[in-house]
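Scroll down for the structure; my scribbles are underneath it.
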Amino acid sequence: MFVVLRCWFVVGVVNSISVTGYSGGGVSITCKYYSEFRENAKYFCKGQPVTCSELIKNKNKNKWVDSGRFSLFDDTRAAVFTVTIRDLSEEDSGTYQCGVDIYFYLDIKKAACCEKSISLSAAAGGSVNIICKYPQSHSADVKFVCRRSESDLCAEETSVKKSRRWSSEGQMQLYDDREQQLLTGTISHVTQQHSTEYWCGVQSDQGHKSFITRVLLRVTVIRLIDLIVSPVFSGSSLIIPLVLVLLVLIIVGLFLLFLYKKHQSRGKAPLDTETPIHTEFKMRICFFFTMILSPPNGYNYKIQKFDDV
1 MFVVLRCWFV VGVVNSISVT GYSGGGVSIT CKYYSEFREN AKYFCKGQPV TCSELIKNKN
61 KNKWVDSGRF SLFDDTRAAV FTVTIRDLSE EDSGTYQCGV DIYFYLDIKK AACCEKSISL
121 SAAAGGSVNI ICKYPQSHSA DVKFVCRRSE SDLCAEETSV KKSRRWSSEG QMQLYDDREQ
181 QLLTGTISHV TQQHSTEYWC GVQSDQGHKS FITRVLLRVT VIRLIDLIVS PVFSGSSLII
241 PLVLVLLVLI IVGLFLLFLY KKHQSRGKAP LDTETPIHTE FKMRICFFFT MILSPPNGYN
301 YKIQKFDDV
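Numbered according to full-length UniProt numbering, the sequence shown spans residues 1 to 309.
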């Protein structure tokens, strides 16, 4: 009976290898690492990256360390450490990882310059500008805008490396003004699929990302009727839609022309004669225009500008 071991290197040249062992026997696994990690502790664990269970760890250099059936030797001169497993059984089959402990200091600062979170809204088919400030200490760093997808804060990324030059990727354009410490991102032709969470941030020379400002974007679909007449309950001045005015004038003109032709055909008095019927008609027309020009308080019509398609 043989045992299959799949080993993944957390830090190294090779991503993965497949090792075959046999029940009752043993295996020796070699893990390479970058020379800059010679002084770091090495470890060997079983499981997936997030839930890897440590089996043996070596803090001593160039010496064998034993832990039950496992042994580890770190050859710092060759930048290689070797792991041996003895008394193999079928239960040993699975995925293992060679790893290097990497320690870093995380410095959390309050960025008085920058907003933690902003909310934006845009109409479907239009464009939206994402404007973020960043600390002056990051002026020379790469700037980015990331689109979040579930746990991944940076599922889709657009970055800009140079100051005052537009960088484009897909529907996103970025512009970095390093003198003002201002990052501008423009998304064109937005749809409801763009309604999600974005992050503005900076990336250091070592590749580490700092997410600074959270951006919540909401895209709405505007109906055609909303573009034609938009009643607004406010105290602002009345603006009559041009289309409505022209339509009213055409209807009134046609109606007056009809009355004029009718009176001419019957040989009655001219239209300027103040008969009771004419007086009533004029009063109704005046009242009609008064209602249009002076609507009830708080009810207004709003003209929407139409861009050429």
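Each residue gets a CB set at the ideal place from its N, CA and C atoms; glycine is no exception.
Beta-carbon proximity of residue i to residue j, cut-off 8 Å
i      : j      : result
Thr186 : Gln173 : yes
Cys154 : Ile212 : no
Phe70  : Phe44  : yes
Lys46  : Tyr96  : yes
Val245 : Cys200 : no
Tyr134 : Val202 : yes
Asn40  : Val100 : yes
Gly125 : His189 : yes
Buried versus exposed call for residue i [16 or more other C-beta atoms within 10 Å across all chains shown]
i           : result
Thr158      : buried
Ile85       : buried
His138      : buried
Arg147      : buried
Met283      : At Met283 the pLDDT is 48, less than 50, meaning the model places this residue with poor confidence and gives no usable figure here.
Lys42       : buried
Ile130      : buried
residue 330 : No statement about residue 330 is possible, as the shown extent of the chain runs from 1 to 309 and does not include it.
C-alpha gap between residue i and residue j, whole angstroms
i      : j      : result
Val219 : Lys209 : 27 Å
Leu120 : Val221 : 15 Å
Ser35  : Thr82  : 15 Å
Ser16  : Val80  : 15 Å
Val215 : Ile250 : 49 Å
Pro49  : Gly207 : 20 Å
Arg38  : Thr76  : 5 Å
Ser168 : Tyr175 : 9 Å
Nearest neighbour of residue i, chosen from the options [CA to CA]
i      : options                      : result
Asp177 : Glu150, Val142, Val83, Phe37 : Val142
Ala78  : Tyr33, Ser121, Trp64         : Tyr33
Ser149 : Glu36, Glu197, Ile130        : Glu197
Ser163 : Ser151, Gln180, Ser127       : Gln180
Leu217 : Ala122, Leu183, Val27, Arg38 : Ala122
Gly68  : Asp87, Asp75, Val50          : Asp87
Gln171 : Cys98, Cys31, Val27, Ser127  : Ser127
(Q) For the pair the stretch 21-34 and the stretch 92-102, tell me if three or more CB-CB distances fall below 8 Å. (A) yes
Q: Determine, using beta-carbon pairs with one atom in the stretch 113-127 and one in the stretch 43-54, whether at least three such pairs fall under 8 Å.
A: no
Q) Using 8 Å as the threshold, is the stretch 247-267 in touch with the stretch 158-170, meaning 3 or more CB pairs across them? A) no
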